[in-house]
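Enquirer: Quick one: the structure is below, questions incoming.
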Amino acid sequence: MEELVIRDADVVDGSGEPSYRADVVVDGGRIVSIVKEAAAAGCQRPRARRELDAEGLVLSPGFVDMHAHSDLALLRDPDHSAKAAQGVTLEVIGQDGLSYAPVDDRTLGEVRRAIAGWNGSGDDIDFDWRTVGEYLDRLDRGIAVNAAYLIPQGTVRALAVGWEDREATPQELDRMRRLVAEGMEQGAVGMSSGLTYTPGMYAKDAELTELCRVVASYGGYYCPHHRSYGAGALEAYREMVALTREAGCSLHLAHATMNFGVNKGRAPELLALLDEALADGADISLDTYPYTPGCTTLAAMLPSWASEGGPERVVQRLADEETAERIRHDLEVTGSDGCHGVPIEWDTVEISGVGDPALADFVGRTVQESADRRGEAPWVTARGLLLADRLAPTILQHVGHEENVRAIMRHRVHTGGSDGILQGAKPHPRAYGTFPHYLGHYVRELGVLSLEDCVAHLTSRPAARLRLADRGLVREGYVADLVLFDPATVAAGSSFAEPRVLPTGIPYVLVDGRFVIEDGRRTDALAGRAVRGTPA
Numbered sequence: 351m352e353e354l355v356i357r358d359a360d361v362v363d364g365s366g367e368p369s370y371r372a373d374v375v376v377d378g379g380r381i382v383s384i385v386k387e388a389a390a391a392g393c394q395r396p397r398a399r400r401e402l403d404a405e406g407l408v409l410s411p412g413f414v415d416m417h418a419h420s421d422l423a424l425l426r427d428p429d430h431s432a433k434a435a436q437g438v439t440l441e442v443i444g445q446d447g448l449s450y451a452p453v454d455d456r457t458l459g460e461v462r463r464a465i466a467g468w469n470g471s472g473d474d475i476d477f478d479w480r481t482v483g484e485y486l487d488r489l490d491r492g493i494a495v496n497a498a499y500l501i502p503q504g505t506v507r508a509l510a511v512g513w514e515d516r517e518a519t520p521q522e523l524d525r526m527r528r529l530v531a532e533g534m535e536q537g538a539v540g541m542s543s544g545l546t547y548t549p550g551m552y553a554k555d556a557e558l559t560e561l562c563r564v565v566a567s568y569g570g571y572y573c574p575h576h577r578s579y580g581a582g583a584l585e586a587y588r589e590m591v592a593l594t595r596e597a598g599c600s601l602h603l604a605h606a607t608m609n610f611g612v613n614k615g616r617a618p619e620l621l622a623l624l625d626e627a628l629a630d631g632a633d634i635s636l637d638t639y640p641y642t643p644g645c646t647t648l649a650a651m652l653p654s655w656a657s658e659g660g661p662e663r664v665v666q667r668l669a670d671e672e673t674a675e676r677i678r679h680d681l682e683v684t685g686s687d688g689c690h691g692v693p694i695e696w697d698t699v700e701i702s703g704v705g706d707p708a709l710a711d712f713v714g715r716t717v718q719e720s721a722d723r724r725g726e727a728p729w730v731t732a733r734g735l736l737l738a739d740r741l742a743p744t745i746l747q748h749v750g751h752e753e754n755v756r757a758i759m760r761h762r763v764h765t766g767g768s769d770g771i772l773q774g775a776k777p778h779p780r781a782y783g784t785f786p787h788y789l790g791h792y793v794r795e796l797g798v799l800s801l802e803d804c805v806a807h808l809t810s811r812p813a814a815r816l817r818l819a820d821r822g823l824v825r826e827g828y829v830a831d832l833v834l835f836d837p838a839t840v841a842a843g844s845s846f847a848e849p850r851v852l853p854t855g856i857p858y859v860l861v862d863g864r865f866v867i868e869d870g871r872r873t874d875a876l877a878g879r880a881v882r883g884t885p886a
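Here this note's numbering is used: the first residue of the sequence shown is 351, the next is one more, and so on.
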């Protein structure tokens, strides 16, 4: 007898087609049968050792978070309810060009410092890996949800070239090609870049094109955080489209937003650019989170020249009065490339987390607010905080536009990505709320997307991008990564005031046929594993 039958579910199967009522049978981690309208047809209903009454609930494929920063959280926090409780059954990590494989001892220390604001210092982690394959093996020991990995181009460049702003030598480029090829062979699904973060931002298009050729040869995709989401946003999008077409590589645009005042109402221009490329045969997809503020580190706002050489050099430059004044001028007057070419507005920059608990008073306030309280210029406050906290502060940047968010999420190649940073006392609520916020706010309350269309955005579309032949749909033979939610009550519990509140209306989540959320509570199951790419 099979393990589980889910009775009388309203199945939204991920295809975008209308829902149907069915009994769904799960055994051995897979969907073994689907009996549509079993009760109405009067046929013999399937039986199993456990029967779950799903009356009033929607059954859908598990949600795929196409842009996650859980690289260490999956190892540190076996519970991982931040994602499991949202119905996420697969996260794509290794984002924005910086992560923890492939590395050597030197690079590992540098990367840990550089992205402590994203993932914590890692002092509580045993870094017993160096290669991509070894990291994926570590995930295979058991994690809350599944994870796929992107080779981080910035980490690869740090390993082969260092943190200097210069072109790679032919020998260094050859080494980067080998590192990318090895990562793809070991199970990565593609390559990411952070082209406003050092050292990845120092790569010219020709270098990126060569690495994308390697990714394409393995059937992977390129996922850039491109060079500007502000003053040069459209040009930056156009650059990525042209680069990947030259390389013959699939393109997935990370957190594809149009931010800052210069881009208010300009999402249709981005979508027209993408539609033209799609009509011409380009393979493009994108992800977004359903909120207007962004989230990154305070140090990411600095101009690229100030970040050359790695974290220690940044601290040295900030400590020097003359150099710090140059940084201030770039930030406040010129518009630094770290702030997307737009002069920084300190009243939009809210501190969301710090590394040193003694600095907690800054959290939840904008830099402008803290400066006013201290009776000093905002740059003085920001500089002092960066030095005191050794570059660790994370920020919310309130620079988005609701009309752009809605327009982009309607697009036919859109997928969902939380970009969720789980660190800090007051993280962005997208880390705990992205997927129920789509379903509750943008489907039920606003009607921006139909339920069937939204589920397709969050399931089958990302599974297709990842080339997963047996995930992303409710189909016989598919892996039983499944979510049961109440369409009348599903909602994000997290808010900007209380960002760590879990969602409502998602009572059951299965990963590989095992309940990780049952009756609304996290079980002790560690059913997730590394989902490896399969070379083309």
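We put the CB at the ideal spot given by N, CA and C, even for glycine.
1) Nearest to alanine 494 by CA position, among Leu425, Arg667, Ala781, is which residue?
2) Within the 8 Å Cβ cut-off, does alanine 732 reach chain C?
3) Measure the C-alpha to C-alpha separation of glycine 611 and valine 749 and round it to an integer number of angstroms.
4) Leaving out the 5 sequence neighbours to the left and right, which residues in its chain are closer than 6 Å to proline 728 when beta-carbon positions are compared?
5) Check whether the Cβ atoms of proline 707 and leucine 648 lie closer than 8 Å to each other.
6) Please work out which residues of its chain come closer than 8 Å, Cβ to Cβ, to alanine 738, disregarding the five sequence neighbours upstream and downstream, and give them in chain order.
7) Roughly how many angstroms separate the alpha carbons of arginine 588 and threonine 594, rounded to a whole number?
8) Does DSSP put alanine 862 in a helix, a strand or coil?
9) On the DSSP letters alone, give me the boundaries of the alpha helix (DSSP H) that arginine 676 sits inside.
10) Along the chain, which unbroken stretches of the beta strand (DSSP E) at least 3 residues long are found entirely within the stretch 780-843?
11) In three-state terms, what does DSSP make of cysteine 689?
12) Grab the span of the beta strand (DSSP E) containing tyrosine 499 for me, first residue to last.
13) Spatial neighbours of histidine 430 within its chain, please: C-beta separation below 6 Å, excluding the five flanking residues on both sides.
14) Would you please state the rounded distance, in angstroms, between the beta carbons of leucine 500 and glycine 444? I believe it to be under 8 Å.
15) So glycine 459 is in the alpha helix (DSSP H); what residue range does that whole segment cover?
16) Kindly confirm or deny that the stretch 838-846 and the stretch 775-794 touch, where touching means at least three C-beta pairs closer than 8 Å.
17) Taking the straight line between their C-alpha atoms, what separation do you get for serine 369 and valine 361?
18) With DSSP as the reference, label alanine 372 as helix, strand or coil.
19) Taking 7 Å as the cut-off, is the C-beta of glycine 822 nearer than that to any heavy atom in the ligand NAP?
20) How many whole angstroms separate the CB atoms of isoleucine 758 and alanine 606, which I take to be in contact at a CB cut-off of 8 Å?
21) Exposed or buried, what is glutamate 460 when buried is set at 16 or more other beta-carbons lying within 10 Å of its beta-carbon?
22) If you follow the beta strand (DSSP E) that valine 408 is part of, which residue opens it and which one closes it?
23) For glutamate 626, which of helix, strand or coil comes out of DSSP?
24) Kindly indicate which three-state DSSP category glutamate 753 falls into: helix, strand or coil?
25) Per DSSP, methionine 541 forms a beta bridge with which residues?
26) Please report how far the alpha carbon of leucine 735 lies from the alpha carbon of alanine 508, in whole angstroms.
27) Just verifying my parser: in three-state terms, what is the DSSP assignment at threonine 548?
28) Pull the bridge partners of isoleucine 878 from the DSSP assignment, please.
29) In whole angstroms, what separates the C-alpha of arginine 400 from that of proline 777?
30) Alpha carbon to alpha carbon, what distance is there between proline 618 and valine 704?
31) What does a CB cutoff of less than 6 Å around serine 410 pick up in its chain, not counting 5 residues either side in sequence?
32) Indicate whether glutamine 747 and proline 643 have their beta-carbon atoms separated by less than 8 Å.
33) Taking the continuous beta strand (DSSP E) assigned at cysteine 562, which residues delimit it?
34) For threonine 594, does the three-state DSSP call read helix, strand or coil?
35) According to DSSP, what are the bridge partners of arginine 871?
36) For the alpha helix (DSSP H) that serine 600 lies in, which residues bound it at each end?
Expert: Per the coordinate set shown:
1) Leu425
2) Note that chain C does not occur in the displayed structure, where there is just one protein chain.
3) 7 Å
4) Trp696, Val717, Gln718, Ala721
5) no
6) Asp706, Leu709
7) 10 Å
8) The sequence as given places aspartate at residue 862; alanine does not occur at that position. Note: aspartate 862 maps to coil in three-state DSSP.
9) 671-679
10) 832-835
11) helix
12) 496-502
13) Ala494
14) 4 Å
15) 455-464
16) yes
17) 5 Å
18) strand
19) This structure lacks the ligand NAP, and indeed carries no ligand of any kind.
20) 6 Å
21) buried
22) 408-411
23) helix
24) helix
25) Ile501, Tyr572
26) 26 Å
27) coil
28) Strictly speaking, residue 878 in this sequence is glycine, with isoleucine absent from that position. BP columns for glycine 878 point to Ile493.
29) 39 Å
30) 37 Å
31) Val362, Val805, Val833
32) yes
33) Counting along the chain, cysteine 562 falls outside any beta strand (DSSP E), though it belongs to the alpha helix (DSSP H) covering 555-567.
34) helix
35) Glu868
36) First-last for serine 600: 600-603, but that is the beta strand (DSSP E), not the alpha helix (DSSP H).
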